[in-house]
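Undergrad:
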Amino acid sequence: MLLTGRSVCNLTVIVAGLLLLAGCGGDALGRKAISGTVNLDDAPLAKGNVRFEPLQAENPTTGGAVIRKGKFQLSREHGLPPGSYRVSISCPKMPSAVDQNADAGGLAEELVPARYNTESTLQATVTANGANHFEFDLSTEQPAS
């Protein structure tokens, strides 16, 4: 097949367009992969949830992940844009077989203190260039006043 100057130009434009689309990944927010660890009383949190809520009004993106064996991860596709986030961590206590026969109207007991979830002051800053790996060491002991 003989390529003329015009067909080479057309081919170049098509290839450049495909490379541009592949490189962008269609994510205008610039999401970044997020990972981390969560320890409660110096032991990995067996299971739970971590949630990231933006501190800046111009960043409406929230994110969350399941914690398993003290680790969590968000892929770039489900990650967060650079910015500062309030972090909340929760771990509802799973009812035992005996508890399951009791009145099911109540809420599950939370194993993580409120200062790390409903009243959380934990924060994380996602950067454009960085590992974005966060370590949270939580304690059930009351902080000294």
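Each number in the numbering used here comes from the position in the sequence shown (counting from 1) with 50 added on.
Beta carbons are placed, not taken as given, at the ideal position from N, Cα and C, and that holds for glycine.
Note that this is a predicted model, so its numbers are computed, not measured.
Could you give the distance in angstroms between the alpha-carbon of Phe196 and the alpha-carbon of Leu172?
TA: Nothing about residue 196 can be read from this structure; the chain reaches only from 51 to 195.
Undergrad: May I have the straight-line CA-CA distance separating Leu95 from Tyr135, to the nearest angstrom?
TA: The alpha-carbon atoms of Leu95 and Tyr135 are separated by roughly 21 Å.
Undergrad: Between Ala174, Gly120, Ser140, Arg101, which lies nearest to Asn158 when the distance is taken from Cα to Cα?
TA: Position check: residue 158 holds Ala in this sequence, whereas Asn was assumed. Considering only alpha carbons, the answer is Ser140.
Undergrad: Which of the three DSSP states is assigned to Glu127 in this structure?
TA: Helix.
Undergrad: With distances taken between CB atoms, is the gap from Arg101 to Thr112 smaller than 8 Å?
TA: In contact: Arg101 and Thr112 (Cβ atoms closer than 8 Å).
Undergrad: For Ile84 versus Gly129, is the C-beta spacing smaller than 8 Å?
TA: Going by C-beta atoms, Ile84 is nearer than 8 Å to Gly129.
Undergrad: Using a threshold of 8 Å, state whether the C-beta atoms of Thr190 and Asp91 are closer than that.
TA: It is a contact, given that the beta carbons lie within the stated cut-off.
Undergrad: Under the three-state reduction of DSSP, which class applies to Arg165: helix, strand or coil?
TA: DSSP places Arg165 in helix when its eight states are reduced to three.
Undergrad: May I have a chain-ordered list of the beta strand (DSSP E) segments no shorter than 3 residues that lie completely inside the segment 91-119?
TA: Runs found: 97-104, 113-118.
Undergrad: How is Asn179 classed by DSSP in three states: helix, strand or coil?
TA: Of the three classes helix, strand and coil, the one that applies to Asn179 here is coil, per DSSP.
Undergrad: Based on the DSSP output, what are the partners of Glu185 in its beta bridges?
TA: Answer is Thr87.
Undergrad: Please name the residue or residues paired with Gly133 in a DSSP beta bridge.
TA: Gly133 is bridged to Val176.
Undergrad: Would you mind working out which of Val116, Ala115, Pro110, Arg118 sits nearest Pro132, comparing C-alpha positions?
TA: The candidate whose alpha carbon is nearest that of Pro132 is Pro110.
Undergrad: What residues in its chain sit with their C-beta under 6 Å from that of Leu161, if we drop five residues either side in the sequence?
TA: Answer for Leu161: Cys141, Lys143, listed in chain order.
Undergrad: Based on DSSP bridge pairs, tell me the residues matched to Ser138.
TA: Paired residue(s): Arg101.
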